[in-house]
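Numbering (UniProt numbering), first residue to last: 1 to 662. No residue lacks a Cβ here, since even glycine has one placed at the ideal position from N, Cα and C.
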DNA sequence: GAGCACTGC
């Protein structure tokens, strides 16, 4: 502890915190900021009138840092020092220092909007700009005014964006704390490489031939096929994605090879489509990567791009997640806080998302009844916000509860919440060769699509007593399935607490209908996914999204949904997401019936985005309502041809086209 | 008939 650089700044830090409600701390890797700031404030009495809360973007970090601080203070974890992450709250009445994920703090603020339990809030790793951190930055800024007398806020960030954060908090002071990294020599390429894989391999081999011992960490954008040069003196080569920038620390790394690129998922609010793009990293990321070479001794970082590119082309800071993701959940959350002085389109973000993105979110929320036509949150929306799910799934749960199929919907929602793909990739020939015995057959959704398949899979696991061996035999991801079980349990508990009427949440509850057509569940999904509906084209198996700007899309080949005997897909489906890879696809879909869809068309006709924002009157007063006016007109134009009769006609045509094919 | 970086409630 004493050897940490931050310790010698204790007095200065405390003095600055005394005099200011917000302090920005620039601390490089190894400065000890995550473990020491909370202890310093604790020593100086800041934990007497409230808890010192420290947020982390990742769960493992929250746990491991809490553990270390408890150890340093010589207390039992969960008493004076504790942590709270999803599924696990290790705090008690004694807790004075609390580490938590920023997601958990956001949840807490739902029931305690002023976060009154806390005397200090430290937002750690703010430079990573996770969605939750960004929302917290806005909320906390508001709190510093509301609770000016009894709340201290510390934001820790990286060198390159400290100024910006300070400006956001009305020029709050910036403290610099040096890190404890060894010097890292940065070597640039003379030119841009033609092939990054080749250039990586060449650089790695060069290091191996010319440099003294030490492991090599190589940052690429994805899986690399073959990369194991037989090492005579045993040097490790670790090929990693950006996971090694933050989540994963590899000891013994002395050399870093940085491709300069990262694969990033982005959301396009005008099409509702996600894409995975290989993009240039930011300077913050480049420095983070380089820093991985200097953890144990002086190291070297080989950047596979020219220094001019670093200076001129790389953005200073990573594009914040809030500008790359669908904001339906975020907007619903903010609406549910009922902040009187807040118009969603004007919420004080460090980097505001585009008006288009916020409007997209409002439209989505309107279609699933979370907000009314004036943009006010509904009682349904309020209940939805309690659930740690994306709004479509929250809405599905509430509807399913009305339909008497909550148990099934809980399972589907939990399955869809699982991080990575749970299902084995059966089609690949490699897998078949590797597997010794034939895998147990999985259910296929009875022709209703992927949601139903997920339900059937989980039910089968349930019938097998949640045996982990069953997952192994079927090729399902074991850890993923356990996660699903945890999520399902959490959702069940929340539903029992908040939902009206009877809620039967037992996973093994058998419905007679489940043997047949899953009608009630699919109906509930249709209501929840009213904003993700697609209609098949008349002559072929392509689909068109129904909404504001129709997109032409295909069923993703991984879908369990198969064409019928006539070679055709169903007329209407709801989808979980749109993803543009080699083509625009919809992934994870469920068949629905036309008569369930009709109310959605009606809602689309009544929609007026300018009213939804709930802030137009104010905008007019301030003379700033331009972007809203534009989108309003464009939406009206896009939806006029979608009346009920023409849909019935189209459905009939599809039927006839199908007959003709026979 | 494709192919998926990484978090989190």
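Classify residue 471: buried if its beta carbon has 16 or more other beta carbons within 10 angstroms, exposed otherwise.
buried
Spatial neighbours of residue 326 in its chain, beta-carbon cut-off 6 Å, leaving aside the 5 residues before and after:
267
According to the neighbour-count rule (16 or more other Cβ atoms, all chains shown, within 10 Å of its Cβ), is residue 584 buried or exposed?
buried
Simplified DSSP assignment, three categories, for residue 447
helix
Can you grab the Cα-Cα spacing for the pair residue 298 / residue 183, in whole Å?
5 Å
Name the DSSP bridge partner or partners of residue 678?
Shown here, the chain extends from 1 to 662; a query on residue 678 therefore has no answer.
Exposed or buried, residue 200, counting other C-beta atoms within 10 Å across all chains shown (16 or more means buried)?
buried
Classify residue 289 as buried or exposed, calling it buried when 16 or more other Cβ atoms lie within 10 Å of its own Cβ.
buried
DSSP three-state label for residue 9, please.
helix
Which runs of the alpha helix (DSSP H) spanning at least 4 residues fall entirely within the stretch 19 to 53, listed in chain order?
33 to 43
Just reading off the beta strand (DSSP E) that residue 411 is part of, what are its end residues?
Looking at the DSSP string, residue 411 is not in any beta strand (DSSP E); the run it does join, the alpha helix (DSSP H), is 406 to 417.
According to the neighbour-count rule (16 or more other Cβ atoms, all chains shown, within 10 Å of its Cβ), is residue 649 buried or exposed?
exposed
Would you kindly report the start and end of the unbroken alpha helix (DSSP H) that includes residue 134?
131 to 146
Would DSSP call residue 627 helix, strand or coil?
Bear in mind that the predicted position of residue 627 carries a pLDDT of just 41, short of 50, making it unreliable; the figure below should be weighed with that in mind. In the structure shown, residue 627 sits in a helix (DSSP, three-state: H, G or I).
So, do the stretch 80 to 98 and the stretch 142 to 155 have three or more beta carbon pairs nearer to each other than 8 Å?
no
contact_flag[the stretch 293 to 309, the stretch 256 to 266] where n(CB pairs < 8 Å) is 3 or more
yes
With a threshold of 8 Å, are at least 3 pairs of Cβ atoms found where one atom belongs to the stretch 528 to 544 and the other to the stretch 361 to 376?
yes
Mind checking residue 66: buried by the 16 CB within 10 Å criterion, or exposed?
buried
Taking Cβ to Cβ, would you say residue 396 is nearer than 8 Å to residue 286?
no
Given 8 Å as the limit, is there contact between the stretch 129 to 146 and the stretch 326 to 340, that is, 3 or more CB pairs closer than that?
yes
Mark residue 169 as exposed unless 16 or more other C-beta atoms lie within 10 angstroms of its C-beta, in which case mark it buried.
buried
Measure the C-alpha to C-alpha separation of residue 560 and residue 219 and round it to an integer number of angstroms.
35 Å
Let me know the secondary structure DSSP gives residue 299 once reduced to three states.
strand
Identify, in the order they occur along the chain, each residue of the same chain with its Cβ nearer than 6 Å to the Cβ of residue 668, setting aside the five sequence neighbours on each side.
The structure shown does not extend to residue 668, since the chain is modelled only from 1 through 662, so no value can be given for it.
Please work out which residues of its chain come closer than 6 Å, Cβ to Cβ, to residue 400, disregarding the five sequence neighbours upstream and downstream, and give them in chain order.
406, 409 and 524
Sequence-distant residues of the same chain with beta carbon closer than 6 Å to residue 337, five excluded per side:
113
For residue 431, does the three-state DSSP call read helix, strand or coil?
Note that residue 431 has pLDDT 46, beneath the 50 cutoff, so the model's placement of it is unreliable and the number below is only indicative. Three-state result, residue 431: helix.
Hey, out of 448, 339, 443 and 24, whose CA is closest to residue 160's CA?
24
DSSP three-state label for residue 665, please.
Outside the displayed span of the chain (1 to 662) sits residue 665, for which this structure offers no information.
Name the DSSP beta bridge partners of residue 577, please?
587
Less than 8 Å between the C-beta atoms of residue 241 and residue 222, yes or no?
yes
Under the three-state DSSP convention, the category residue 190 falls into
coil
State the start and end residues of the unbroken alpha helix (DSSP H) segment that holds residue 333.
328 to 336
Once DSSP output is grouped into helix, strand and coil, what is the label at residue 15?
helix
Can you pull the DSSP bridge partners for residue 263?
278
Are at least three pairs of beta-carbons, each pair with one atom in the stretch 601 to 612 and one in the stretch 366 to 384, less than 8 Å apart?
yes
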